[in-house]
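**Student:** Numbering (the numbering used here), first residue to last: 83 to 361.
Quick reminder that beta carbons are idealized off the backbone N, C-alpha and C, glycines included.
1) Using 8 Å as the cut-off, classify the Cβ of residue 138 as near or not near the heavy atoms of the ligand GTP, replying yes or no.
2) Answer yes or no: do residue 358 and residue 300 have a C-beta to C-beta separation smaller than 9 Å?
3) For residue 261, write down the residues that DSSP places opposite it in a beta bridge.
4) Helix, strand or coil: how does DSSP classify residue 346 here?
5) Relative to the C-alpha of residue 293, which candidate in 327, 217, 229, 346 has its C-alpha closest?
6) Inspect the CB distances between the segment 234-245 and the segment 261-270 and report whether three or more fall short of 8 Å.
7) Determine the DSSP secondary structure at residue 213, reduced to helix, strand or coil.
8) Hey, is the segment 161-168 in contact with the segment 135-145, meaning 3+ C-beta pairs nearer than 8 Å?
9) Expressed to the nearest angstrom, what Euclidean distance is found between the alpha-carbon atoms of residue 113 and residue 224?
10) Within the continuous beta strand (DSSP E) that includes residue 66, where are the two ends?
11) Should residue 202 and residue 174 be called a contact, given that it needs their Cβ atoms to be closer than 9 Å?
12) Might you give, ordered along the chain, the residues of its own chain that have their beta carbon closer than 7 Å to the beta carbon of residue 283, omitting 5 neighbours on each side?
13) Quick one: what does DSSP say residue 159 is sitting in, helix, strand or coil?
Written out as structure tokens, the structure is:
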């Protein structure tokens, strides 16, 4: 699609108070008040340049690929994208979450954090990347990362009460429990038994996962995730439970299993490069 003309400075300044409140879905609670300085800094930074980079280090992750009714998924994806119909009447959906020793934005604000996202499999719109998904939702405990994405028009939320827990560890066996409470309508839990990745196993080659989202302000936004040092475990018994009504309607069920790919992972580093007006 054609690039969308950037917002003029005067209009940008006029909407600043509203955007500051809504940048992370603020509710006025103590967590939103704590995040306010980083949200304000993100507002200022995005005026200078909407494109940015983030970095995830030393992460435990789960990624699962399943199916949802094409008829409920396709309306979520703009016409600039082609939804993959994996089998007749069914689209590919991905659920991903990770707990990282460090998340940083543009080399700053480094802290431990959790992030999660939901996506729909699409044909690569620019022919790049190993996997391409249209992003339905993104959530993180890192307020600046959430704010930068949300201010671009991505469906991102600051979610300080997200959790990613590995418990009952007995050798390589353990239980994984993930809770993603925001966005509220797309909230989900994900849990089940896992075999944790072997840290001494050879890592997979660098893999690039592209997540896309279309914004009224910044056109088609590319979130390119270049991931190195991936090691896979086994998680075929995991299932996602839709907590939000919107997500249950999209999936056509309260639960989602992952017949194509269902693995706990570790990775050394992921470099997230965010590009606006990507095509």
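**Tutor:** On the basis of the supplied data:
1) Among the components modelled here there is no ligand, and therefore nothing to report on the ligand GTP.
2) Walking along the chain shown from the start, residue 358 turns up at place 276. Walking along the chain shown from the start, residue 300 turns up at place 218. Yes, these two residues count as a Cβ contact at 9 Å.
3) Counted from its first residue, the chain shown places residue 261 at position 179. Per DSSP, 245, 271.
4) Numbered from its first residue, the chain shown carries residue 346 at position 264. Strand at residue 346.
5) As a first step, residue 293 must be located in the chain shown, where it is residue number 211. It is 217 whose Cα lies nearest to the Cα of residue 293.
6) yes
7) As a position in the chain shown, residue 213 is number 131, starting the count at 1. Three-state result, residue 213: strand.
8) no
9) Translated into positions along the chain shown, residue 113 becomes position 31. Translated into positions along the chain shown, residue 224 becomes position 142. With a pLDDT of only 49 at residue 113, under the threshold of 50, the placement of this residue in the model should not be trusted; the figure read from the coordinates follows. Spanning the two alpha carbons is a distance of roughly 11 Å.
10) Because residue 66 is not part of the residues shown, which for the chain are 83 to 361, the question remains open.
11) Within the chain shown, residue 202 is the residue found at index 120, counting from 1. Within the chain shown, residue 174 is the residue found at index 92, counting from 1. For residue 202 and residue 174, yes; Cβs fall inside 9 Å.
12) By 1-based counting over the chain shown, the position of residue 283 is 201. For residue 283, where only same-chain residues beyond five positions count, the Cβ hits under 7 Å are 313.
13) Counting from one through the chain shown, the residue named residue 159 turns up at place 77. Of the three classes helix, strand and coil, the one that applies to residue 159 here is coil, per DSSP.
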